[in-house]
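Colleague: Before we start, here is the structure in question, set down as structure tokens.
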Amino acid sequence: MDFVSETIVDTDRPERYAKQLASHFGHKIPCNEIEHGHRLIFNREGIFGGYADIVVEPIDGVNHLKLVIYAPDAAKRENLAGVVGRHLERFGEKDSIEVYWDF
Numbered sequence: 018m019d020f021v022s023e024t025i026v027d028t029d030r031p032e033r034y035a036k037q038l039a040s041h042f043g044h045k046i047p048c049n050e051i052e053h054g055h056r057l058i059f060n061r062e063g064i065f066g067g068y069a070d071i072v073v074e075p076i077d078g079v080n081h082l083k084l085v086i087y088a089p090d091a092a093k094r095e096n097l098a099g100v101v102g103r104h105l106e107r108f109g110e111k112d113s114i115e116v117y118w119d120f
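Taking the numbering used here, the leading residue of the sequence shown gets 18, the next gets one more, and so forth.
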């Protein structure tokens with residue numbers, strides 16, 4: 018993939034939100050287990066849109082929620098980042114979760 022973006026989301030419950038995102042999207046699109054998380058495969062009507070990895074990653078002994086978007090072009094990357102980010106913000110509204118991407 019030529020276009021990749023990642024972000025670390027500040028939350029005290031990274032495992033919970035990783036599981037919730039994977040479960041939610043897994044009802045709609047392919048979702049595969051990967052090391053420390055899940056990979057969402059966005060492939061609508063046979064047109065590949067990209068991947069989103071939802072990973073619980075230890076940093077300095079503390080688990081963090083890491084989101085990584087892989088896409089074939091910048092527009093699809095930004096679209097997927099928006100979709101995944103908005104869902105996480107909605108799920109984490111009580112915890113004031115905000116997702117910031119650096120494109």
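Ideal Cβ placement from N, Cα and C applies to all residues, glycine included. Fair warning: this is a prediction, and the values are worked out from it, not measured in the lab.
1. Look at the alpha carbon of D27 and the alpha carbon of G99, and state the distance between them as a whole number of angstroms.
2. Which whole-angstrom value is the C-beta distance of Y34 and L82, which I expect to be below 8 Å?
3. Skipping 5 residues on each side, what residues in its chain have a beta carbon closer than 8 Å to that of A91?
4. Out of K36, E50, A69, E95, state which residue places its alpha-carbon closest to the alpha-carbon of F108.
5. Where are the beta strand (DSSP E) runs, 3 residues long or more, that stay fully inside the stretch 34-100, in chain order?
Modeller: Taking the geometry as given:
1. As a working note, residue 27 is residue 10 in the sequence shown. As a working note, residue 99 is residue 82 in the sequence shown. Each residue's alpha carbon lies about 17 Å from the other.
2. By 1-based counting over the sequence shown, the position of residue 34 is 17. By 1-based counting over the sequence shown, the position of residue 82 is 65. That belief holds up - the Cβ atoms of Y34 and L82 are roughly 6 Å apart, short of 8 Å.
3. Here residue 91 refers to the residue found at position 74 when the sequence shown is read from its first residue. Here the set comprises F20, F120.
4. For this step, residue 108 is matched to residue 91 along the sequence shown. With distances taken between Cα atoms, F108 lies closest to K36.
5. 48-51, 54-61, 64-76, 79-88
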